[in-house]
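Undergrad:
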Amino acid sequence: QPFMASVRKTFDKDGELENSYDWYCNNVGAKWCNIEEMDSCFITGYSAWRQPIELVANLIEWYSNKYDTEVSAIMTYEDEFRNFLGKQYFAVEHNNLQWTAYEGETYETDGDELVEEFNERFPDIDTTAEDFDWFEEVKTGGDIIYPHEVLDEIVDDFWSKA
Numbered sequence: 069q070p071f072m073a074s075v076r077k078t079f080d081k082d083g084e085l086e087n088s089y090d091w092y093c094n095n096v097g098a099k100w101c102n103i104e105e106m107d108s109c110f111i112t113g114y115s116a117w118r119q120p121i122e123l124v125a126n127l128i129e130w131y132s133n134k135y136d137t138e139v140s141a142i143m144t145y146e147d148e149f150r151n152f153l154g155k156q157y158f159a160v161e162h163n164n165l166q167w168t169a170y171e172g173e174t175y176e177t178d179g180d181e182l183v184e185e186f187n188e189r190f191p192d193i194d195t196t197a198e199d200f201d202w203f204e205e206v207k208t209g210g211d212i213i214y215p216h217e218v219l220d221e222i223v224d225d226f227w228s229k230a
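Mapping of the sequence shown onto this note's numbering: residues 69 to 230, in sequence order.
1) Counting contacts by CB-CB distance shorter than 9 angstroms, is K155 in contact with chain C?
2) Should L85 be labelled buried (16 or more other beta-carbon atoms within 10 Å of its own) or exposed?
3) Just to confirm, are I128 and A159 a CB contact at a threshold of 9 angstroms?
4) Give, in chain order, every unbroken run of the beta strand (DSSP E) that is at least 3 residues long and sits entirely within the stretch 189 to 220.
5) Quick test of your reading: D192 and T208, contact by CB under 8 angstroms. State the CB separation rounded to the nearest angstrom.
6) Can you find a heavy atom of the ligand FMN that lies under 8 angstroms from the Cβ of H216?
7) For W227, which option in T196, D194, N187 and L153 has the closest C-alpha, if you only look at C-alpha atoms?
8) What's the C-alpha gap between W100 and G113?
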C-alpha cells in the first residue's frame, strides 16, 4: 500500500518480508490485516488478535503529509467472539515540518459487560441456564426475541454513544 511505503521494511533474498510477524505487529498493530472493502470515507477489514491501531495511524499520517491537510479517523473494532470491542479516535498534529498521527480517546467493553446489559434488559431470561441458546428465539414479556440480535443492538448502541 502506498501509505506504508515510508515504513522501513527488510526483505530476504527471495523478496519476502523478513521477520514479518514482528513487522506487522509493530507497523500494522496485528499479526496480519486484510482489507475487505474501502471507499473514500471508510475501510472495512479484519485482523488477527488485535485492532490495527498502527495501520490507522500510518494511513492518516501519510494522507495528511501527502495532501498537507488535517485528517482524523474513527475505528470501531470487535473480536469475533466479543471478548473485546471498542471505538478509537485518531488525529494528526502539525509541527511546522510534517503531520504526525496520534491516538485519541478509546472506549472499550467486553462480552461480559454485553451479557450483563442483556440480563438487565431481560431479567426474566436466564442466560446461564443449560438449555439457553443465544441463537434461538426466546419468549419474554409477550414478545419473541433473538438474544444474539439484542446483543448486536447493544453493540450498536455502545458504538453510537462512545
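Glycine included, every Cβ here is placed at the ideal spot set by N, Cα and C.
Here the structure is a predicted model, which is why all the values come from computation and not from measurement.
TA: The structure says:
1) No chain C appears in this structure, which consists of one protein chain only.
2) L85 is exposed by the Cβ-count criterion.
3) With contacts defined as CB atoms closer than 9 angstroms, I128 and A159 qualify as a contacting pair.
4) The stretch 189 to 220 contains these whole beta strand (DSSP E) runs: 206 to 208 and 211 to 213.
5) By a beta-carbon distance limit of 8 angstroms, D192 contacts T208. Their separation comes to about 6 angstroms.
6) Ligands in the displayed structure: none, and consequently the ligand FMN is not present.
7) Nearest C-alpha to W227: L153.
8) Each residue's alpha carbon lies about 11 angstroms from the other.
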